[in-house]
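Same order as they appear, the protein sequences are chains X and A.
Numbering-wise, numbering that gives the first Met the number 0 puts 35 at position 36 of the first sequence, and it's gapless, one number per residue.
Numbering-wise, numbering that gives the first Met the number 0 puts 201 at position 202 of the second sequence, and it's gapless, one number per residue.
Note that beta-carbon positions come from the ideal geometry of N, C-alpha and C, so glycine has one too.
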Amino acid sequence: MSNRAVELPIFAEGIVGFGPPPAASPYLVGGHCSSCDRWYFPRVDRCRHCHVTLEPGSLGSRGTVYSYTIVRTKPPLGLPQPYAVAYVDLADRPLRIFMLTDPVKTDDIAIGQAVELAVTPLGVNRHGEPCRRPYFKPVTPPRIR
Amino acid sequence: MTAIIGIGITPFGSFVDRTIVSLGVEAGLAALRDAEMPATRVQAGFFANALAARLFGDTTVGQNVVAALGLDGVPVVNVENACTSGSTAFYLAQLAIESGEADVVLAVGAEKMCVPGLGLIDSGSTELDTQLGLVTPASFALRATRHMHEFGTTPRQLALVAAKNRRHAELNVKAMFRKPESVEDILNSPMIADPLTRSQCCPIADGAAAILLASDRVAASLRRTVPVRSAVLRSGAYDGLPDLARWNTDHRTAQLAYEKASIGPADIDVVECHDAFTIAELMHCEALGLCELGAGGALVESGATTLGGRVPVNVSGGLLSRGHPVGATGLAQIHELVVQLRHEAGKRQVEACRAGLAHCMGGDKGGDAKSCTVVILSR
């Protein structure tokens with residue numbers, strides 16, 4: 000990854016955090032309600048149930064694939080053709096979230112697969128500017144076909 | 000109680016020379032003529048449209064349609080509820096009559112969306128999911144993948160839904176796609192989002208539909224009227240663990256509609272449901288109680304939902320083959336039920352048709368729909 004690529008902004012604010020150097024491992028950021036202990040992704044202003052302000056918090060970086068699809072038609076937002084997406088059950092929080100999956104190895108995906116978060120230059124944001132996006136990739140090595 | 004006293008519909012297709020207003024007026028006029036009712040008798044109008052603001056910068060189009068029909072001054076509401084815009088307009092029209100606010104109300108839905116550069120529909124550019132690549136076909140493909148995983152639904156069973164609705168549309172002169180398509184051709188059409196091929200995705204379309212409703216007192220002196228037994232609108236639920244294989248919002252909404260109508264799924268003779276994608280029809284049939292959970296594939300395979308079967312579904316051709324002008328669809332579904340219940344459907348008449356159900360669903364949020372409507376009519 001070039002230095003220039005590292006400078007690209009994440010596609011949207013408040014979604015991804017990075018751990019301490021040198022690894023700076025990415026993790027997802029959501030919202031937490033200190034009153035009822037509910038978690039939200041993405042973080043919104045208030046808890047839907049308690050109406051108190053949500054605090055930002057880590058949702059971790061791992062999960063399990065619940066469902067997936069490979070989008071083969073003309074992609075939006077400068078995404079590659081094809082690109083893959085999934086609903087992932089997060090390991091650390093009771094959430095099932097929608098996320099991109101490995102943009103290069105789109106076929107290497109299955110329900111029940113263990114995945115971990117990564118970040119890469121991918122497409123453009125809603126203002127048309129090149130950006131980085133998070134995605135989930137397999138934790139286990141690719142299956143031999 | 001409320002009754003339907005008049006219906007109207009335009010052909011669905013690509014009409015570059017037509018405006019939304021002219022389509023809406025055509026359907027509205029047809030409904031007034033069908034009811035033999037002068038426009039000036041209408042006391043309120045609910046106009047459904049989903050995309051005019053986004054595509055053309057046009058807002059409050061409803062007043063243009065109602066004024067063109069010769070009505071001034073009456074309350075008009077412009078209704079946008081994604082794919083349920085039309086059925087939500089119907090729900091509001093029925094509420095206006097039930098509340099005593101009006102005794103003759105027109106619900107019209109019109110859409111013009113066959114324009115260059117439309118692209119894929121999504122749930123809005125500010126939504127995080129949209130910015131991560133969620134487009135509507137992917138949303139349904141994710142459900143198909145999970146449904147196949149949990150229940151063993153096969154690609155062939157999905158394709159059968161499209162083949163069925165193509166065959167039904169052959170009998171509907173107003174439908175967009177009226178040529179039969181084999182299961183093989185459907186499966187071999189270009190893949191949009193695994194496992195949904197292009198023929199398994201509903202086409203965009205231009206078109207309009209209109210329903211004229213009235214109180215029982217007004218309807219009593221008219222002919223060919225159809226009572227409304229229930230009309231229910233509900234929103235989805237968003238608590239962070241969406242079930243992609245079971246449509247709970249559908250099920251909740253349908254349960255309430257059945258209760259209000261005092262009938263059950265076994266009493267329904269004909270169904271129009273929101274088959275935006277083949278998997279959707281399978282899941283809706285399960286949620287509506289036409290078969291067991293997970294058995295939607297077996298249901299379509301058995302022929303039960305084909306014209307001539309136990310409970311024909313989407314005899315009009317559905318969204319898949321009639322086309323999906325978004326604002327008009329919810330009303331077009333109800334239009335079909337009325338034609339069937341009046342026994343005026345000709346070659347696509349469902350035998351001994353006494354009770355019909357129209358189901359519609361719209362929008363996408365957190366793995367669930369945003370809106371769901373179920374309307375039950377019976378004579």
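| said: Could you check if Ala-22/X belongs to the surroundings of the ligand NAP, using beta carbon to heavy atom distance under 7 Å? | reply: Among the components modelled here there is no ligand, and therefore nothing to report on the ligand NAP.
| Identified DSSP bridge partners for Pro-41/X | Paired residue(s): none; Pro-41/X is not in a bridge.
| field | One or two residues paired with Tyr-67/X in a DSSP bridge | value | According to DSSP, which records beta bridges pairwise, Tyr-67/X is partnered with Ala-85/X.
| message | Can you confirm whether Arg-45/X, when its beta carbon is compared against all beta carbons of chain A, has any partner nearer than 8 Å? | response | No, no contact with chain A.
| task | Just the chain A side, please: which residues come within less than 8 Å of Pro-19/X by C-beta, in chain order? | result | Chain A residues near Pro-19/X: none, gap ~26 Å exceeds 8 Å.
| request: Identify every residue that forms a DSSP beta bridge with Leu-133/A. | output: Within the DSSP secondary-structure output, Leu-133/A pairs in no beta bridge.
| task | State the start and end residues of the unbroken beta strand (DSSP E) segment that holds His-167/A. | result | Counting along the chain, His-167/A falls outside any beta strand (DSSP E), though it belongs to the alpha helix (DSSP H) covering 154 to 168.
| query | Which of helix, strand or coil does DSSP assign to Ser-86/A? | reply | If DSSP states are grouped into helix, strand and coil, Ser-86/A belongs with the helices.
| is_contact[Thr-68/X, chain A] using C-beta, thresh 8 Å | By this cut-off, Thr-68/X is an interface position.
| task | Sort Leu-212/A, Glu-180/A, Arg-142/A by Cα distance to Gln-38/A and report the nearest one. | result | Note on residue identity: the sequence assigns Ala, not Gln, to residue 38/A. Considering only alpha carbons, the answer is Leu-212/A.
| query | So what does Asn-77/A bridge to, in DSSP terms? | reply | Answer is Phe-46/A, bridged to Asn-77/A.
| Does the stretch 349 to 357 of chain A come close enough to the stretch 32 to 49 of chain A that 3 or more CB-CB pairs lie under 8 Å? | No: the two stretches stay apart, fewer than three of their Cβ pairs being nearer than 8 Å.
| said: Output needed in chain order: residues of the stretch 83 to 103 of chain X with a Cβ under 7 Å from some Cβ in chain A. | reply: Taking 7 Å as the Cβ-Cβ cut-off against chain A, the residues of the stretch 83 to 103 of chain X that qualify are Val-84, Tyr-86, Pro-93, Leu-94, Arg-95, Phe-97, Met-98, Leu-99.
| request: Find the residues of chain X that neighbour Ser-124/A, judging by a C-beta separation of less than 7 Å, and give them in chain order. | output: Neighbours of Ser-124/A on chain X, chain order: Arg-125.
| task | For the stretch 51 to 68 of chain X and the stretch 84 to 94 of chain X, state whether three or more C-beta atom pairs, one from each stretch, are separated by less than 8 Å. | result | Result yes; three or more Cβ-Cβ pairs closer than 8 Å.
| From the DSSP output, which residues share a beta bridge with Ala-204/A? | Beta bridge pairing from DSSP links Ala-204/A with no other residue.
| said: Any beta carbon from chain X within less than 8 Å of Cys-359/A's own beta carbon? | reply: Cys-359/A does not count as touching chain X.
| field | Secondary structure, alpha helix (DSSP H): runs of 4+ residues fully inside the stretch 296 to 354 of chain A | value | The stretch 296 to 354 of chain A is shown to contain whole alpha helix (DSSP H) runs of 4 or more residues at 317 to 321, 325 to 340, in chain order.
| request: With DSSP collapsed to three states, give me the class of Gly-69/A. | output: If DSSP states are grouped into helix, strand and coil, Gly-69/A belongs with coil.
| Tell me which same chain residues have a C-beta within less than 7 Å of the C-beta of Ala-4/X, skipping the five on either side of it? | In this prediction, Ala-4/X has a pLDDT of 49, which is less than 50 and means its spatial position is unreliable; nothing more can be read from the coordinates.
| Rounded C-alpha distance that separates Arg-61/X from Pro-133/X | Taking the straight line from one Cα to the other gives about 12 Å.
| field | For Leu-119/A, three-class secondary structure by DSSP | value | If DSSP states are grouped into helix, strand and coil, Leu-119/A belongs with coil.
| For Ala-26/A, the first and last residue of its enclosing alpha helix (DSSP H) | Residues 19 to 34.
| field | Within chain A, the residues that Arg-71/X reaches when beta carbons sit closer than 9 Å | value | For Arg-71/X, the residues of chain A that pass the 9 Å Cβ criterion are Pro-189, Met-190, Ile-191, Ala-192, Asp-193, in the order they occur in the chain.
| To the nearest whole angstrom, what separates the beta carbons of Val-269/A and Lys-163/A, a pair I think is in contact under 8 Å? | No, Val-269/A and Lys-163/A are not in contact; Cβ-Cβ is about 14 Å, not under 8 Å.
| Who does Val-271/A pair with in a DSSP beta bridge? | Note that residue 271/A corresponds to Glu in the displayed sequence, not to Val. Answer is Ala-357/A, bridged to Glu-271/A.
| message | Please report the distance separating the alpha-carbon of His-358/A from that of Thr-252/A. | response | Looking at the two C-alpha atoms, the distance is approximately 9 Å.
| If we call anything under 8 Å between Cβ atoms a contact, is Ser-315/A one with Ala-158/A? | Against a cut-off of 8 Å, the Cβ pair of Ala-158/A and Ser-315/A comes out as no contact.
| query | Gly-61/A by DSSP, collapsed to three states: which one? | reply | Of the three classes helix, strand and coil, the one that applies to Gly-61/A here is helix, per DSSP.
| message | In the DSSP assignment, the beta strand (DSSP E) including Leu-58/X goes from what residue to what residue? | response | Counting along the chain, the beta strand (DSSP E) containing Leu-58/X begins and ends at 54 to 59.
| request: Return the residue from the list Ala-81/A, Ser-370/A, Pro-311/A, Gly-69/A that minimises the CA-CA distance to Asp-121/A. | output: Nearest C-alpha to Asp-121/A: Ala-81/A.
| message | DSSP three-state label for Val-172/A, please. | response | Look at Val-172/A here: in three-state DSSP terms it is coil, with no helix or strand label.
| task | Tell me, please, whether the CB atom of Asp-102/A is closer than 8 Å to any CB atom in chain X? | result | No - not a single Cβ of chain X is within 8 Å of the one on Asp-102/A.
| message | Classify Val-172/A: buried if its beta carbon has 16 or more other beta carbons within 10 angstroms, exposed otherwise. | response | Counting Cβ neighbours within 10 Å, Val-172/A comes out exposed, since fewer than 16 surround it.
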